[in-house]
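Peer 1:
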Amino acid sequence: GGTACKNESAVVPSTPPSESFSKILIVAGPSGVGKSTVIKKIMECIPNTFAFSVSHTTRQPRPGEVDGINYHFTTKEVMEQLISEDKFIEQCDVHGNMYGTSKMEIERLNSENKIAVLDIDIQGCQKIKKRHDVLQMNPVYIRIKIAYEELEKRLTGRGTETPESLKIRLDNAKAELEPMPGFFNLEVENQVVEDCAKELVSFLETVGVLGLQEDGSSHATCIK
Ligand code: 5GP
């Protein structure tokens with residue numbers, strides 16, 4: 071997590087919704103920006119409301135990753151079969167592996183009355199937006215950002231990356247941080263995780279994807 075101080079100008083004005091949003095929350099942003107930490111904070115604080123959309127991937131599991139929890143780990147052959155059967159709302163190649171969000175996953179989570187949280191890359195976001203009409207979905211698009219120099223510092227300082235993987239991540243981060251005027255409904259800087267999580271929660275309440283607490287107060291108050 072970051073230690074620097076967040077200022078008000080870090081929040082980019084949101085794009086107003088054109089129609090009511092569906093219960094799909096897309097969280098984009100570069101690797102290392104702290105997306106999963108922010109999402110975890112929100113899910114801990116607001117129970118039984120959100121659920122991760124588990125993507126399919128052909129990438130090998132990392133130590134500690136569990137099939138069906140982190141991803142549905144699968145083969146290229148199975149993935150291609152599913153694509154030909156039109157089972158995905160989007161699928162992309164990221165760093166040489168295939169990733170995809172299945173329709174079934176979103177439908178399952180929504181039928182359980184959960185807000186489906188998608189952690190996908192920019193290409194995936196663009197593909198979904200292009201297909202809004204066909205998909206009859208109107209997700210909320212959020213991007214979590216930090217300055218490129220800050221990301222470089224964090225990823226280098228972490229010391230977990232080889233020079234090669236550091237280069238791939240940083241190259242990819244440039245694309246993930248590219249200005250995309252009007253695309254995202256909210257862009258928020260992750261300087262302090264709690265502030266970022268609060269910002270996101272308040273936004274979801276404002277657009278009606280998330281209701282208020284029973285006493286009428288914002289869920290943001292429980293994020294500490
Ligand atoms: P990782 O391999 O580190 O888990 O994920 C690599 C990248 O793939 C991340 O930017 C992540 O957001 C993205 N990703 C994960 N699942 C999907 C998916 O279903 N679709 C797309 N388009 N990107 C995904």
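All you need for my numbering is the position in the sequence shown, starting with 1, plus 70.
Cβ coordinates follow ideal geometry from the N, Cα and C atoms, glycine included.
Predicted, not measured: the structure shown is a model, and the values here were computed from it.
#1: Report yes if the C-beta distance between K215 and E182 is below 8 Å; otherwise report no.
#2: Could you check what DSSP says for I198 in three-state terms: helix, strand or coil?
#3: Check the DSSP bridge columns for L95 and list the partner residues they point to.
#4: Could you tell me how far apart the beta carbons of V271 and A290 are, in whole angstroms, since I believe they sit closer than 8 Å?
#5: Mind checking M168: buried by the 16 CB within 10 Å criterion, or exposed?
#6: Taking 7 Å as the cut-off, is the beta-carbon of E196 closer than that to any non-hydrogen atom of the ligand 5GP?
#7: Please classify T295 as buried or exposed, where buried requires at least 16 other C-beta atoms within 10 Å of its C-beta.
#8: Alpha carbon to alpha carbon, how far is E220 from S123?
#9: In the DSSP output, what is C18 paired with across the bridge?
#10: If you follow the beta strand (DSSP E) that V258 is part of, which residue opens it and which one closes it?
#11: In angstroms, rounded to a whole number, what distance separates the CA positions of D163 and T128?
#12: Classify P233 as buried or exposed, calling it buried when 16 or more other Cβ atoms lie within 10 Å of its own Cβ.
Peer 2: On the basis of the supplied data:
#1: no
#2: helix
#3: V187, V210
#4: 5 Å
#5: buried
#6: Per the sequence shown, residue 196 should be read as Gln rather than Glu. Checking the Cβ of Q196 against the ligand 5GP gives no.
#7: Residue 295 is absent from the structure shown; the chain starts at 71 and stops at 294.
#8: 29 Å
#9: Any question about residue 18 goes unanswered here, given that the chain covers just 71 to 294.
#10: 256–259
#11: 10 Å
#12: exposed
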